[in-house]
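Enquirer: Dropping a structure here in structure tokens format, bear with me for questions.
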Amino acid sequence: MRYLAVDPGSKNIGLAISDLSGTIANPLMVLKHISRDRDAELIVEHAIKNNVLKIIVGQSINDEDGEPTFEGRQSARLAYTIAQKTSLPVELWNEGYSTQEAKQTRLLMKVSRT
301 MRYLAVDPGS KNIGLAISDL SGTIANPLMV LKHISRDRDA ELIVEHAIKN NVLKIIVGQS
361 INDEDGEPTF EGRQSARLAY TIAQKTSLPV ELWNEGYSTQ EAKQTRLLMK VSRT
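All the letters of the sequence shown, read from the start, carry residue numbers 301 to 414 under our numbering.
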């Protein structure tokens, strides 16, 4: 299953696409933030173009109370808007420690870090 990973930011939105096994994601592109509605449309277009079966939106969670941070709440709103524009499943993903986990997985799989 191929996934589209979305890393929302206030100025840019990173997109990554997984391999067919859904194990490793590689950078796809960076979108300039325009508006939540337009960003969601572009994300859905790239999902369709790349034949993904699920869209994963990164969400930051506060370590202290387990609640979404300000940015995490923005991610949830973006995920909701994306879901309104597609029949693909859209899922929020706690992005805490995801970079470290990805690096470790790449090392174990002996995949290039570039």
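By construction, the Cβ of each residue, glycine as well, lies at the ideal position given by its N, Cα and C atoms.
#1: Taking 8 Å as the threshold, find out whether the segment 324-338 comes into contact with the segment 369-389 through three or more Cβ pairs.
#2: Secondary structure at glycine 314, three-state DSSP: helix, strand or coil?
#3: Could you tell me whether the Cβ atoms of glycine 358 and aspartate 307 are closer together than 7 Å?
#4: In whole angstroms, give me the CA-to-CA distance for lysine 329 and threonine 369.
#5: Tell whether a beta-carbon distance below 7 Å holds between lysine 311 and histidine 333.
#6: Would you call glutamate 345 buried or exposed, if buried means 16 or more other Cβ atoms sit within 10 Å of its Cβ?
#7: Helix, strand or coil for leucine 408? Go by DSSP, reduced to three states.
#8: With a threshold of 8 Å on Cβ separation, who are the neighbours of tyrosine 303 within its own chain once the five nearest residues in sequence on each side are excluded?
#9: In this structure, what does DSSP give as the bridge partners for valine 390?
Expert: In this structure, then:
#1: yes
#2: strand
#3: yes
#4: For the record, residue 329 in the displayed sequence is methionine; it is not lysine. Taking the straight line joining both Cα atoms gives about 25 Å.
#5: yes
#6: exposed
#7: helix
#8: Ile317, Ser318, Gly322, Ala325, Val352, Leu353, Lys354, Ile355, Ile356
#9: Ile355
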